[in-house]
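Student: Residue numbers (the numbering used here): 20 to 457.
Below you'll find the structure I mean.
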């Protein structure tokens, strides 16, 4: 008979073929968490298949849903859904009742329980910030940092990365979480743009505070552990591992090398035919025993291989979504695009861009095609209800009903509760239209 070995308990049991792992555990009095009762609706019974993955059944539909949500690697399976047809050796990933809260928290979030990914890490730090912060008032320090992080975040997001963590005046950005590839090129391009566009920001700092403002950047490419980390209720997507440490050490090496941005050899090997090198250094990084090569990049050649356009922007502390090109929205036309599952109607009014929910609050009918008057009020083409497109206030209610409508129906239609129209923030910025929720 086939055998199932529990690595942690150092126990081995026999079982008849075509039984799932949880059933085998229960029949042999092996303690095995299963909050949902073995229905594949939670992840508390999850195990890691150490040996014998070839003897495991394919994932069921319910297991696949959870595996996709939590980004399970191939060897992490739900015990209640995994049938064994031969020998296997497993490790239970949750062993005690106290572990249940972590499993439930993971399901309630949208992040990975823990997986490894090839990513590029960009680590940026402000040069000599400690003495600078001591010379400024506390309010000015926080104002300056927030303006800088907003400026830097826009560039990182534009290149397909995301700022994952702030460490005082430093930040860590990840490229590669989207799975689109070309992580290192995008990170290096973002780093070069940060340094290039920093001059205008630095000039503003000098004018307002009479202080010099420079940043140093380090970039490394490698494997990192990505997952949700933190106390229950405060978990956030985090990245840990030596890849993070190497990026931070490369950033630190700028000080001795008198450079602004250095990338590691791992990162350089990914894009060496697509960059121009200004210089390189051989050095021992803190925490390492061998000399490594760090490269100072002058410029990138061409554009990212990633075809998908990244349609997110952080500006003035608001996260915006790109709705389309500015040229496609004229004074004469309207545009409808989807934002978080809702249709949003976009148009220009006296030079401004306005955005409203494309749904009349009277009968949930589309507003597209409705007339927009000189006051910026839009009228539903079906029942004559009118709204202010700036604040959503109702201007008219059911003043365009058909003349042949029975009186009782007219009364019923007009007696419906008046609900204001949902409006959105909208801007025309860098040749694109951007929309954000109020």
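Yeah, the Cβ is synthetic: ideal placement off N, Cα and C, and Gly gets one too.
Who are the near neighbours of residue 129 in its chain, counting only those whose CB is closer than 8 Å to its CB and skipping five residues on each side?
Tutor: Its pLDDT being 45, under 50, residue 129 is placed unreliably in this model, and the value from its coordinates should be taken loosely. Result list for residue 129: 88, in chain order.
Student: Report the CB separation of residue 22 from residue 66 in whole angstroms; it is logged as a contact under 8 Å.
Tutor: Wrong, their Cβ atoms sit about 15 Å apart, outside the cutoff.
Student: Counting Cβ pairs, one atom from each stretch, are 3 or more of them under 8 Å apart for the segment 23 to 39 and the segment 80 to 94?
Tutor: They do not touch, by the three-pair rule.
Student: Quick check for students: name the residue ranges of the beta strand (DSSP E) that lie wholly in the segment 261 to 335, counting only runs of 3 or more.
Tutor: Those beta strand (DSSP E) runs which fall completely within the segment 261 to 335 and span 3+ residues are 280 to 283, 294 to 303, 310 to 319 and 331 to 334.
Student: Within 10 angstroms of the Cβ of residue 208, are there 16 or more other Cβ atoms? Answer buried if so, exposed if not.
Tutor: By the 10 Å Cβ count, residue 208 comes out buried.
Student: Less than 7 Å separating the beta-carbons of residue 342 and residue 452?
Tutor: Contact flag set, yes.
Student: Can the beta-carbon of residue 389 be found closer than 7 Å to that of residue 397?
Tutor: It is a contact, given that the beta carbons lie within the stated cut-off.
Student: Is it the case that the segment 70 to 82 contacts the segment 97 to 109, given that we only count it when at least three CB pairs across the two stretches are under 8 Å?
Tutor: Verdict: yes, contact present.
Student: What's the call for residue 259, buried or exposed, on a 16-neighbour Cβ count within 10 Å?
Tutor: Its Cβ having fewer than 16 others within 10 Å, residue 259 is exposed.
Student: Which residue wins for smallest C-alpha separation from residue 172, given the options 449, 101, 213 and 348?
Tutor: With distances taken between Cα atoms, residue 172 lies closest to 213.
Student: Can at least three beta-carbon pairs, one atom from the segment 434 to 445 and one from the segment 409 to 417, be found at a separation below 8 Å?
Tutor: Touching, yes, given that three or more Cβ pairs across the two stretches are closer than 8 Å.
Student: Can you tell which of 159, 375, 225 and 333 has the C-alpha that lies nearest to the C-alpha of residue 181?
Tutor: Comparing Cα-Cα distances from residue 181 to each of 159, 375, 225 and 333, the minimum goes to 333.
Student: So what does DSSP say about residue 136, is it helix, strand or coil?
Tutor: Residue state, collapsed to three classes: strand.
Student: Please classify residue 233: does DSSP put it in a helix, a strand, or coil?
Tutor: Coil at residue 233, not helix or strand.
Student: Taking residue 269 and residue 313 to be in contact with their CB atoms under 8 Å, please state how far apart those CB atoms are, rounded to whole angstroms.
Tutor: The pair is a contact, with the Cβ atoms about 6 Å apart (cut-off 8 Å).
Student: Does the segment 226 to 241 come within contact of the segment 141 to 148, defined as at least 3 CB pairs closer than 8 Å?
Tutor: Contact between the segment 226 to 241 and the segment 141 to 148 is present, because at least three Cβ pairs lie under 8 Å.
Student: Note down the Cα distance separating residue 100 from residue 52, rounded to an integer number of angstroms.
Tutor: Cα-Cα distance, rounded: 14 Å.
Student: May I ask you to report which of helix, strand or coil DSSP gives residue 239?
Tutor: In this structure, residue 239 counts as strand in the three-state DSSP scheme.
Student: When the Cα atoms are used, what is the spatial distance from residue 157 to residue 230?
Tutor: So the two alpha carbons sit approximately 15 Å from each other.
Student: Would you be able to state if there are at least three C-beta pairs under 8 Å between the segment 157 to 170 and the segment 181 to 194?
Tutor: The segment 181 to 194 vs the segment 157 to 170: in contact.
Student: Using only the alpha-carbon positions, how far apart do residue 296 and residue 222 sit?
Tutor: Distance between the alpha carbons of residue 296 and residue 222: 27 Å.
Student: For residue 154, which residues from the same chain have a beta carbon less than 8 Å from its beta carbon, with the 5 sequence-adjacent residues on both sides left out?
Tutor: These residues qualify, in order along the chain: 230.
Student: If residue 433 sits next to residue 417, beta carbons under 8 Å apart, how far is it from one beta carbon to the other, in whole angstroms?
Tutor: About 5 Å; that satisfies the 8 Å criterion.
Student: Compare the C-alpha of residue 381 against each of 309, 275 and 429 and name the closest.
Tutor: Of 309, 275 and 429, the residue nearest in Cα terms is 429.
Student: For residue 344, name the three-state secondary structure that DSSP assigns.
Tutor: Residue 344 falls in the strand class under three-state DSSP.
Student: For residue 373 and residue 178, I'd like the C-alpha separation in whole angstroms.
Tutor: One C-alpha to the other measures close to 27 Å.
Student: With DSSP as the reference, identify every bridge partner of residue 22, one or two as the case may be.
Tutor: In the DSSP output, where bridge partners are listed per residue, residue 22 has 33.
Student: Going by DSSP, which residues form a beta bridge with residue 48?
Tutor: DSSP lists no partner for residue 48.
Student: What's the gap between the Cα of residue 409 and the Cα of residue 203?
Tutor: Each residue's alpha carbon lies about 43 Å from the other.
Student: For residue 407, which residues does DSSP report across the bridge?
Tutor: Partner(s): 396.
Student: Reducing DSSP to helix, strand and coil, say where residue 100 ends up.
Tutor: Coil at residue 100, not helix or strand.
Student: Would you say residue 139 and residue 240 are within 7 Å of each other, going by their C-beta atoms?
Tutor: Yes, they are a contact pair.
Student: Between residue 369 and residue 448, what straight-line distance do the alpha-carbon atoms span, to the nearest angstrom?
Tutor: So the two alpha carbons sit approximately 17 Å from each other.
Student: Can you name the start and end residues of the alpha helix (DSSP H) that residue 170 belongs to?
Tutor: Start and end: 157 to 177.
Student: Are the Cβ atoms of residue 316 and residue 294 separated by less than 7 Å?
Tutor: A contact, by the Cβ cut-off of 7 Å.
Student: Could you pull out every residue in the same chain whose Cβ sits closer than 7 Å to the Cβ of residue 376, ignoring the five residues on either side in sequence?
Tutor: Within the same chain, residue 376 has close Cβ partners 361, 363, 440 and 441.
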